[in-house]
Amino acid sequence: ALSGRLQEIFKRLRGQGHLTEANVQEAAREIRKALLEADVHYKVAKEFVEDIARRAAGQEVLSSVTPGQQFVKVVYDAMVALLGPAVPSLARAVEGAGSPAVWMMVGLQGAGKTTTSAKMAKFAASQGQKPLLVGADVKRPAAIDQLKTLGKQIGIPVFAQESGDPAGVCRAALAQARTLGCDTVILDTAGRLHIDAPLMEELVRIAHDTKPQEILWVLDAMAGQDVVNAAKSFGERLALTGIVLTKLDGDARGGAALSVKAVLGKPIRLVGTGEKLDRFEPFNPERIASRILG
Amino acid sequence: GGAGRSLDTASIESLEETLLAADCGVRAAAEIAQKVAQAFRASGADPGDVRALLRQEILGRLAPPRELRFAPSGPTVALVVGVNGTGKTTTVAKLASRYSASGKKVIVAAADTFRAAAVEQLAIWCARVGVPCVRTQEGGDPAAVVFDAAQAAASRSVDLLLVDTAGRLHTYHHLMQELSKIVRVAGKAVPGAPHEVLLVLDANGGQNALAQAREFQKAVQVTGVALAKMDGTARGGICVAIQDELAIPVLFVGTGETAEDLAPFDPETYVDGLLG
Ligand SMILES: Nc1nc2c(ncn2[C@@H]2O[C@H](COP(=O)(O)OP(=O)(O)OP(=O)(O)O)[C@@H](O)[C@H]2O)c(=O)[nH]1
Ligand SMILES: Nc1nc2c(ncn2[C@@H]2O[C@H](COP(=O)(O)OP(=O)(O)OP(=O)(O)O)[C@@H](O)[C@H]2O)c(=O)[nH]1
Ligand SMILES: [Mg+2]
Ligand SMILES: [Mg+2]
Chain A
23 ALSGRLQEIF KRLRGQGHLT EANVQEAARE IRKALLEADV HYKVAKEFVE DIARRAAGQE
83 VLSSVTPGQQ FVKVVYDAMV ALLGPAVPSL ARAVEGAGSP AVWMMVGLQG AGKTTTSAKM
143 AKFAASQGQK PLLVGADVKR PAAIDQLKTL GKQIGIPVFA QESGDPAGVC RAALAQARTL
203 GCDTVILDTA GRLHIDAPLM EELVRIAHDT KPQEILWVLD AMAGQDVVNA AKSFGERLAL
263 TGIVLTKLDG DARGGAALSV KAVLGKPIRL VGTGEKLDRF EPFNPERIAS RILG
Chain B
2 GGAGRSLDTA SIESLEETLL AADCGVRAAA EIAQKVAQAF RASGADPGDV RALLRQEILG
62 RLAPPRELRF APSGPTVALV VGVNGTGKTT TVAKLASRYS ASGKKVIVAA ADTFRAAAVE
122 QLAIWCARVG VPCVRTQEGG DPAAVVFDAA QAAASRSVDL LLVDTAGRLH TYHHLMQELS
182 KIVRVAGKAV PGAPHEVLLV LDANGGQNAL AQAREFQKAV QVTGVALAKM DGTARGGICV
242 AIQDELAIPV LFVGTGETAE DLAPFDPETY VDGLLG
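Line by line, the protein sequences are chains A and B. Residue 23 is where the first sequence starts when you use my numbering, and the numbers rise one by one after that. Residue 2 is where the second sequence starts when you use my numbering, and the numbers rise one by one after that.
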C-alpha cells in the first residue's frame, strides 16, 4: 500500500531535521504511481503531486511522528481537501413557494441514473418529502417500465408518457406534481454521450423548461481516464450542482471521482453502494481518499 | 539516423501519457513505452518514426478478429456476462441481429431474472430483431432459464442461443458462483456449452476492467471481450493488458445504441483510436 511505501522512503530520515528534496521526489513518484493505478487522470495526478511536493519540501519534521507518517498525512489531508467538502443534503422545496424542488439526473449510458433516482426518492420520502419520479427516458427499451417497477417497490408515484419528447414529459410532470401535491420532482433522463450534440441540446432544453434546483452528474466509480472529457462537456452545457458516485461496492479505486471533482469544481453529494434501493449514503471524503490512495 | 540513438526522457514520458490517456493502464503504458524505446534504439529510426514503432508494438500484441466459434453440431451457446451497466443486454440484441442476418437460427435466453424490467428490455429487443426470447417469471432461477432455453435450442435445431445475464460486480462471491452454476447447467443441457463466454466491457472503464476480466475468468472460461460504447471518446486501452495477461481477445466492438451498432474487432482501427 502507498502508506507503507512512503514509510519505507522516509524511514532513513529518523533524526534529521526536515524532509530532503531527494526523499520528497522519490515519494512524489510513488504517489503519482498510486494515483494512476487508481484511475486518477494523469494531468490531475501530476498537479496533485506537484502541490504535495511543494507543501512537503523543507517542512519541519514533527518530533511526535515519523517523517513517513507525517508525509502520509500531508498527502491524505490534501486529497480529502480536494475531494470535499461533502454537501449531502439536496435542495428542498421552499416552504409556501408553491412549486416543487426539481432534481435532474444526467450522465453517460449505464452510470446508474435510474437506480439512483429511485434511491433518492426513497430517501426523500423517509425525510418527510413527497417525491415524484419522472421517466424522462423515452428511448431505452423498458426504461419507463424499469422506473415504474422501482417506484412500485418503494411506493413512490412515477410519471411517464410512453411517447412524446423528454422536455414535454418533464414539463407535464411538474404540472402533475402540483396536482398530486408532490414537493420534489426527480427527472430520470436517458444516458447519452457528451459528443451527441442533439441529445446534449435536449438536456439544455429540459433544464431550461424545468429550472432544476439540482442537476446531478452521475458517475460510475469504475470510470477511467476519458471520463473527465465527458464531465467537462456536461459541465459546459449545464449548471451542474453536484456529482453522484455509483457502484462503490465494487473494488475500483475510484480515482475518476478525484479527477472529475478537480475539473468540475462541483461537490460530490452522494454515493451508491449497491443495487438495492437502500444502498445509498452521503459522500464521505475521508473514506474515498483512503480508497484512492490504496 | 544511426543505430544506438536513444529517445529522450520527455519523449518516453509523452508515449506513456498517450497510452495512459487511452486507459492502457500504468503497467502496460510503462512496458510498451520501454519496448518502443528499445526498438527505436535498435532500428536507428528517426524521431518521426516513433508513432509507427508504437503502432507496431501494440498491434503485435493484439489477436486478429474472429467471429463466434460455432459448434460442429447442435446449438452453439454463447453466454454474455459482465459488471453492471456495461451494455450486455444491448450487445445480445446486436449479436442476435448480426447472426440472424447471416442466416443463423437464433434464440435468446433472458437469464437476468433480478433487475427491474430486465426481461422486458430484452423482450422488446428480441421483438425488434425478430428472434424468440425464452423467459421465465420474475425472480426465478437464472440457471433454470438457461437450462430450458438450451433444451429448447437443441430440440428446435437452433444454431445459436445467446444468453443475457444480470450485471454483477466480481466482488460478490455468491454472484460469481451463480455464474459458474449457469455454466455447469448449460453444459448439462448441451454438451460442450457454453461454447463462448463474452465479457462485455464498458470502454469508459478504467483499470478495474482488468480486475473484472481476471475475476470473471476465474469463475467461468471467458472466451472473448465485447467492448461497448466505443462510439464515445473513451478508447478501451485496457484490452491490450487483458490480451497480454489473460490471452482473452476482443471479438466485437459496440458503436452505438441500435441493434446494428456492432462491428467485428479491427486491431488497426483500435490502435489508431488509442494513439489519437
Ligand atoms: N453494484 C451496484 N450496481 C448499481 C449501482 N447503481 C446502479 N447499479 C446497477 O447498474 C446498472 C445500471 O443502472 P441504471 O440505473 O439502469 O443506469 P442508467 O444510468 O439509468 O442507465 P441508462 O439509462 O441506460 O443510461 C443496473 O444493473 C443497476 O442495478 C450501485 O451503486 N452498485
Ligand atoms: N453509446 C453507446 N451506448 C451503449 C452501447 N451499448 C450499450 N449502450 C447503452 O448503455 C446502457 C446500458 O446498456 P444495457 O444493455 O442495459 O447494459 P447491461 O450491461 O445489460 O446493464 P445491466 O443488465 O443493468 O447490468 C443503455 O443505455 C444502452 O443503450 C454502445 O455501444 N454505445
Ligand atoms: Mg436509465
Ligand atoms: Mg442487462
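We treat Cβ as the ideally placed atom computed from N, Cα and C, and that holds for glycine.
Item: Whole alpha helix (DSSP H) elements within the segment 135–160 of chain A, 4-residue minimum; Value: 135–148
Item: Amino acids of chain B, ordered along the chain, whose beta-carbon sits closer than 8 Å to that of A/I217; Value: G233 and T234
Item: The alpha helix (DSSP H) enclosing A/L318, as first and last residue numbers; Value: The requested residue 318 of chain A is not part of the displayed model; chain A covers only 23 to 316.
Item: CA-to-CA distance, B/M177 to A/A56, given in whole angstroms; Value: 28 Å
Item: Proximity test, Cβ basis, 9 Å: B/G2 and chain A; Value: Reliability of the predicted coordinates at B/G2 is poor, the pLDDT of 48 falling under 50, and the value obtained from them is presented with this limitation in mind. By this cut-off, B/G2 is not an interface position.
Item: Euclidean distance between Cα positions of A/K298 and B/L16; Value: 43 Å
Item: Assigned exposure category for B/G277 - 16 Cβ within 10 Å defines buried; Value: exposed
Item: Span of the alpha helix (DSSP H), counted from its first residue to its last, around B/G274; Value: P268 to L276
Item: Short-range partners of chain A found in the segment 72–106 of chain B, where Cβ spacing is below 8 Å; Value: V84, N85, G86, T87 and G88
Item: Spatial distance of B/R56 from B/A34 (CA atoms); Value: 11 Å
Item: Interface partners of A/V249 on chain B, CB under 7 Å; Value: N205
Item: Span of the alpha helix (DSSP H), counted from its first residue to its last, around B/M177; Value: H174 to A190
Item: Residues that B/F253 bridges to, as DSSP identifies them; Value: B/A227 and B/P265
Item: Those residues, in chain order, that have a beta-carbon closer than 5 Å to some heavy atom of ligand 5; Value: Looking for ligand 5 in the displayed structure turns up nothing; the ligands present are ligand 1, ligand 2, ligand 3 and ligand 4.
Item: The segment 180–200 of chain B contacting the segment 149–156 of chain B, beta-carbon criterion three pairs below 8 Å; Value: yes
Item: Residues near ligand 3, criterion Cβ-heavy atom distance below 7 Å; Value: A/K135, A/T136, A/D159, A/R162, A/A165, A/Q168, A/D210, A/A212 and A/G213
Item: Completely contained alpha helix (DSSP H) runs for the segment 31–114 of chain B, where each covers 4 or more residues; Value: 51–60 and 89–102
Item: The segment 30–48 of chain B in contact with the segment 264–277 of chain A per 3-pair CB rule at 8 Å; Value: no
Item: In DSSP terms, what A/P304 is bridged to; Value: A/L292
Item: Nearest candidate by alpha-carbon position, reference A/A108, set A/L169, A/A79 and A/L292; Value: A/L292
Item: Bridge partners - A/D242, DSSP secondary structure assignment; Value: A/T268
Item: Selection of the segment 22–54 of chain B by Cβ proximity to chain A, strictly under 7 Å; Value: A22, D24 and V27
Item: Inside the segment 197–243 of chain B only - alpha helix (DSSP H) runs reaching at least 4 residues; Value: 209–220
Item: Close-in-space but distant-in-sequence residues of the same chain around A/T137 (CB under 8 Å, 5 per side omitted); Value: L172, T268, G294, E297 and L299
Item: Cβ contact check for the segment 52–68 of chain B and the segment 177–186 of chain B: 3 or more pairs under 8 Å; Value: no
Item: Test: B/E269 CB closer than 9 Å to a CB of chain A; Value: no
Item: B/C240 beta carbon less than 9 Å from that of B/A210; Value: yes
Item: Chain-order list of residues whose beta-carbon lies under 7 Å from that of A/R313 (same chain, five-residue window excluded); Value: R275 and G276
Item: Beta-carbon proximity check, B/R157 vs B/A23, cutoff 9 Å; Value: no
Item: Given A/C192 as reference, the closest of A/A143, A/M127 and A/A146 once Cα atoms are compared; Value: A/M127
Item: Beta-ladder partner(s) of A/L209, from DSSP; Value: A/M126 and A/V156
Item: For B/G2, three-class secondary structure by DSSP; Value: In this prediction, B/G2 scores a pLDDT of 48, lower than 50, which makes its location untrustworthy; the coordinate-derived value is nonetheless stated afterwards. Three-state DSSP puts B/G2 in coil, outside helix and strand.
Item: Interface partners of B/A118 on chain A, CB under 7 Å; Value: A164, D167, Q168 and T171
Item: Unbroken beta strand (DSSP E) run spanning B/D165, endpoints; Value: L161 to T166
Item: First through last residue of the alpha helix (DSSP H) which encompasses A/H230; Value: A219 to T232
Item: Under 7 Å by beta carbon: chain A residues contacting B/L1; Value: Within the shown structure, residues of chain B are numbered from 2 to 277, placing residue 1 of chain B beyond reach of any answer.
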